[in-house]
Amino acid sequence: MSTEYIILIAGFVFGFYMAWNIGANDVANSMASSVGAKAITVRQAIVIASILNLIGAAFIGSHVTDTIRKGIVSNEILNDPHIAFVGALAALLSAALWVSFATWKSMPISTTHSIVGAMIGFGIIAGGFKAILWGKLTSVILSWIISPAFSIVISFIMFSIIKRLIISRNNSFDRALKLSPFFVGISIFIVVLSFLFKTPLGKTLSIGTPMAVLVSAFFAVLIGYIAKFFLKRVKRNIDGDNGEDVFRYIQVGTACYVALAQGANDVANAIAPLAVIYFFVKTGTVGDQVPVPFFLLLFGGVGIALGITMAGRRVMETLGTKITHLSNSRGFCVEFGAATTVLIASKLGLPVSTTHAAVGGVLGVGMARGMEALNLRLVYEIVLYWLLTLPAAALTCMGIYSMLQFILQRM
Amino acid sequence: MSSPFDGLQEHAEKVKECAWAFQQAVECHVEDRCKSFEELRQEVIKLEREADIIKRRIRGHLPKGTMMPVDKFQLFMYLREQDAVLDAVEDVLDWISYRVKPGIPAELSKDIFLFVDSTIDPIEELSKMVAEARKYFDSFSDKQREVVKEIIRNLRRLEHEADKIEHMLKQKIFNMEMDPVTVFHMIRLTEIIGSISDHAENAGDMMRAMIAR
Numbered sequence: 001m002s003t004e005y006i007i008l009i010a011g012f013v014f015g016f017y018m019a020w021n022i023g024a025n026d027v028a029n030s031m032a033s034s035v036g037a038k039a040i041t042v043r044q045a046i047v048i049a050s051i052l053n054l055i056g057a058a059f060i061g062s063h064v065t066d067t068i069r070k071g072i073v074s075n076e077i078l079n080d081p082h083i084a085f086v087g088a089l090a091a092l093l094s095a096a097l098w099v100s101f102a103t104w105k106s107m108p109i110s111t112t113h114s115i116v117g118a119m120i121g122f123g124i125i126a127g128g129f130k131a132i133l134w135g136k137l138t139s140v141i142l143s144w145i146i147s148p149a150f151s152i153v154i155s156f157i158m159f160s161i162i163k164r165l166i167i168s169r170n171n172s173f174d175r176a177l178k179l180s181p182f183f184v185g186i187s188i189f190i191v192v193l194s195f196l197f198k199t200p201l202g203k204t205l206s207i208g209t210p211m212a213v214l215v216s217a218f219f220a221v222l223i224g225y226i227a228k229f230f231l232k233r234v235k236r237n238i239d240g241d242n243g244e245d246v247f248r249y250i251q252v253g254t255a256c257y258v259a260l261a262q263g264a265n266d267v268a269n270a271i272a273p274l275a276v277i278y279f280f281v282k283t284g285t286v287g288d289q290v291p292v293p294f295f296l297l298l299f300g301g302v303g304i305a306l307g308i309t310m311a312g313r314r315v316m317e318t319l320g321t322k323i324t325h326l327s328n329s330r331g332f333c334v335e336f337g338a339a340t341t342v343l344i345a346s347k348l349g350l351p352v353s354t355t356h357a358a359v360g361g362v363l364g365v366g367m368a369r370g371m372e373a374l375n376l377r378l379v380y381e382i383v384l385y386w387l388l389t390l391p392a393a394a395l396t397c398m399g400i401y402s403m404l405q406f407i408l409q410r411m
Numbered sequence: 412m413s414s415p416f417d418g419l420q421e422h423a424e425k426v427k428e429c430a431w432a433f434q435q436a437v438e439c440h441v442e443d444r445c446k447s448f449e450e451l452r453q454e455v456i457k458l459e460r461e462a463d464i465i466k467r468r469i470r471g472h473l474p475k476g477t478m479m480p481v482d483k484f485q486l487f488m489y490l491r492e493q494d495a496v497l498d499a500v501e502d503v504l505d506w507i508s509y510r511v512k513p514g515i516p517a518e519l520s521k522d523i524f525l526f527v528d529s530t531i532d533p534i535e536e537l538s539k540m541v542a543e544a545r546k547y548f549d550s551f552s553d554k555q556r557e558v559v560k561e562i563i564r565n566l567r568r569l570e571h572e573a574d575k576i577e578h579m580l581k582q583k584i585f586n587m588e589m590d591p592v593t594v595f596h597m598i599r600l601t602e603i604i605g606s607i608s609d610h611a612e613n614a615g616d617m618m619r620a621m622i623a624r
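Below, the structure written as structure tokens:
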């Protein structure tokens with residue numbers, strides 16, 4: 001068996017492992033606040049997230065991928081395909097190992113940053129420090145501040161609005177119902193816009209910004225009123241005066257969107273390196289971009305779904321219950337803050353991570369005094385893991401790369 | 412994380428639970444053939460110990476950086492007053508137990524009953540106050556805030572009522588022909604019983620600070 005096939009098989013294994021990890025760690029971003037607010041059970045969250053991630057990955061995921069993800073490492077290293085493949089393998093494995101470690105520790109981290117860190121490690125060991133595009137790296141570091149900050153502000157404002165307009169009122173259920181077209185509408189607006197701008201499928205539709213805004217606004221108004229019609233059937237609880245129930249449904253809707261978008265966007269983290277190897281083995285060439293066949297996307301999607309099913313619970317608990325207890329309106333604010341942050345920031349060309357935005361959202365509601373208790377110490381610990389992600393993944397990648405080189409040279 | 416308000420509620424329930432045993436114990440003591448006083452006193456002591464554990468758990472397991480709708484020390488001050496209510500209840504029974512015979516003079520027994528009864532409401536009101544305050548921290552509604560404030564006002568009123576009974580009792584005690592030891596025993600007893608609603612009122616005041624905007 002030639003080395004290429006060994007590398008390809010290893011690529012499948014490592015790619016699947018990475019996909020599994022993405023599922024295990026990132027599912028918390030979408031579902032944790034819904035679970036924490038008891039809008040859905042953990043089991044339901046796992047089923048919903050698995051299906052939506054799978055669909056997102058297989059059908060909305062990008063059919064084309066950059067050879068070297070995120071443009072962290074300069075393309076010169078690519079000249080020798082062998083170095084590139086070993087690097088891709090090492091990056092996959094080291095990123096996956098770090099995410100595994102974080103998941104084991106129940107810490108939500110950014111899987112994208114793990115891949116970026118691993119790529120840096122690969123770049124340094126394969127091409128020296130000059131192979132790293134430091135400008136890109138700065139933007140990654142910026143995102144540590146930008147994503148939480150944006151989402152703190154947005155969820156803070158959102159919760160203050162809800163507090164003032166709905167939950168502090170006497171007839172909060174009626175108020176919530178009356179204003180539900182607005183809250184559903186604004187969520188749908190963000191969701192449709194994100195879908196058009198953020199997901200690979202939306203990008204292929206290539207609708208211009210003004211048109212996209214128009215389309216989103218149309219859907220926002222339409223679905224907002226449809227939602228009101230259905231929400232009217234929400235049974236009032238015994239008190240007959242609780243706006244939280246209305247948010248329960250809106251919240252789960254937002255969560256579903258985040259799960260779908262996540263599958264679409266993150267599957268590439270696991271599958272892109274594999275696609276590069278696969279493409280080379282089949283055609284013998286490598287370009288700047290390679291196509292990703294459908295079955296690879298499906299393969300990644302299955303990996304993500306399995307990861308969610310087998311290990312998604314851990315991180316979900318940290319974000320959904322260990323930091324604080326969320327009610328439905330608070331959970332809605334967190335998710336809205338996270339989704340909006342990711343949309344705005346990526347539209348401005350700033351790198352953001354859904355994980356960081358989700359944690360920021362929780363903080364924002366806490367700052368608006370929306371919780372009985374918010375464990376800031378745990379938040380510090382999570383931030384520490386974010387900072388560790390780059391160096392940890394980079395160092396692991398260097399070690400694995402050297403090891404793989406050593407092994408492959410003997411073969 | 413588990414909310415410290417869960418603990419506060421749990422602690423308030425313990426305080427509420429002791430009210431019944433307290434009342435029974437005093438009534439039993441005044442009766443002629445009382446057998447269960449010591450039993451009831453032990454019941455209160457047990458509750459006090461359990462409440463103490465909850466109190467320590469709240470204080471010891473609130474991580475340094477915990478963001479809450481109220482100041483951490485306000486919460487602790489409130490907890491201290493709520494705990495002091497239970498301590499005072501225990502003190503009353505302890506004080507009675509030091510001088511089981513001849514005990515409370517028959518002429519005063521009615522007034523003592525009345526006095527004890529007047530402290531039961533404040534004791535029981537605390538758990539309701541905590542529950543309603545939690546609802547306020549959840550909704551921030553003015554209506555809910557008013558509910559809590561009404562409970563606090565009620566606590567203040569009840570304390571005032573209890574105070575009046577205390578004055579009346581003390582006057583009676585000093586104007587009766589009794590041996591000085593009994594006078595001392597009764598005056599001190601009156602004071603400790605009176606401190607129960609004082610602490611309940613203090614807890615109310617702390618709560619008022621916690622729900623201040």
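Residue numbers (the working numbering), protein chains in the order written: chain A, 1 to 411; chain B, 412 to 624.
Backbone N, C-alpha and C fix where the C-beta goes; we use that ideal spot for every residue, glycine too.
It should be emphasised that the depicted structure is a prediction, and the values quoted were computed from it without experimental measurement.
A distance below 7 angstroms between beta-carbons, with the five flanking residues on each side excluded, links Gln262/A to the following residues of its chain, in chain order: Asp26, Asn29, Ser30, Asn53, Gly56 and Thr354. Within the same chain, Leu419, His422, Lys466, Ile469 and Arg470 come within 8 angstroms of Leu490/B by CB-CB distance, once the 5 residues on both sides are set aside. Under a criterion of Cβ atoms nearer than 7 angstroms, no residue of chain B is adjacent to Ser106/A; the nearest Cβ is some 13 angstroms distant.
Listed as beta-bridge partners of Leu374/A by DSSP are Thr324/A and Met478/B. Counting only Cβ-Cβ distances below 8 angstroms, Gly476/B has contacts in chain A at Asn375, Leu376, Arg377, Val379 and Tyr380, in chain order. For the 9 angstroms CB-CB criterion, Ile115/A and Ile382/A do not form a contact. Within the DSSP bridge table, the entry for Val73/A names Ile132/A as partners. Excluding residues up to 5 positions away in sequence, Thr318, Lys322 and Ile323 lie with their Cβ nearer than 8 angstroms to the Cβ of Leu378/A in the same chain. Under the 10 Å beta carbon count, Phe294/A is surrounded by fewer than 16 other beta carbons and is classified as exposed.
Inclusion of Phe219/A and Ile188/A in the CB contact set at 9 angstroms is warranted, their separation being smaller than that value.
Taken through DSSP and simplified to helix, strand or coil, Val290/A comes out as strand.
The residues Ile152, Ser155, Phe156 and Gly337, in chain order, have a CB closer than 6 angstroms to that of Gly364/A in the same chain once the five nearest residues on each side in sequence are set aside. The three-state reading of DSSP puts Asn170/A in coil, since its state is none of H, G, I, E or B. Remark: C-beta atoms of Ile523/B and Leu458/B do not approach each other more closely than 9 angstroms.
The Cβ atoms of Trp20/A and Gly307/A lie closer than 9 angstroms to each other. No Cβ of chain A is located within less than 9 angstroms of the beta carbon of Leu566/B. Under the DSSP assignment, Asn21/A falls in the alpha helix (DSSP H) whose first and last residues are Thr3 to Gly36. Burial state of Gln493/B is buried, judged by a 10 Å Cβ sphere holding 16 or more other Cβ atoms. For Ala264/A, the enclosing alpha helix (DSSP H) has its first and last residue at Glu244 to Thr283. In terms of beta-carbon proximity, Lys554/B lines the interface with chain A, with at least one pair separated by less than 9 angstroms. Taking 9 angstroms as the threshold, the shortest C-beta distance from Phe433/B to chain A does not fall below it. In chain order, Phe526, Thr601, Glu602, Ile604 and Gly605 place their CB closer than 8 angstroms to the CB of Glu577/B, counting only its own chain and leaving out the 5 sequence neighbours on each side.
Within its own chain, the residues whose Cβ lies closer than 6 angstroms to the Cβ of Ala24/A, once the five positions on either side in sequence are excluded, are Thr103, Gly307, Ala311 and Gly312, listed in chain order. Annotation for Asn586/B: no alpha helix (DSSP H) segment contains it, and DSSP assigns it neither H nor E. Under the criterion of beta carbons closer than 8 angstroms, Ala96/A and Met119/A do not qualify as touching, at roughly 13 angstroms. Counting only residues of its own chain and dropping the five nearest sequence neighbours on each side, Phe14/A has a CB closer than 7 angstroms to the CB of Leu89, Leu92, Leu93 and Ala96. Residues of the segment 27-42 of chain A with a C-beta less than 9 angstroms from any C-beta of chain B: none at all. Annotation for Ser529/B: the continuous alpha helix (DSSP H) segment containing it runs Ala517 to Ser550. A contact is defined here as three or more CB-CB pairs under 8 angstroms, and the segment 188-202 of chain A meets this definition with respect to the segment 253-262 of chain A. Lys163/A belongs to the set of residues whose beta carbon lies under 9 angstroms from a beta carbon in chain B. Comparing alpha-carbon positions, the option among Glu612/B, Met618/B, Val455/B and Pro474/B lying closest to Lys427/B turns out to be Val455/B.
Residue range Thr111 to Gly127 is occupied by the alpha helix (DSSP H) that includes His113/A. By the neighbour-count criterion, in which a residue is buried when 16 or more other Cβ atoms sit within 10 angstroms of its Cβ, Met398/A is buried. With fewer than 16 other Cβ atoms from the protein chains shown falling within 10 Å of its own Cβ, Gly349/A counts as exposed. For Leu473/B, there is no enclosing alpha helix (DSSP H), as DSSP gives it neither H nor E.
DSSP places Arg330/A in the helix class (H, G or I) of the three-state scheme.
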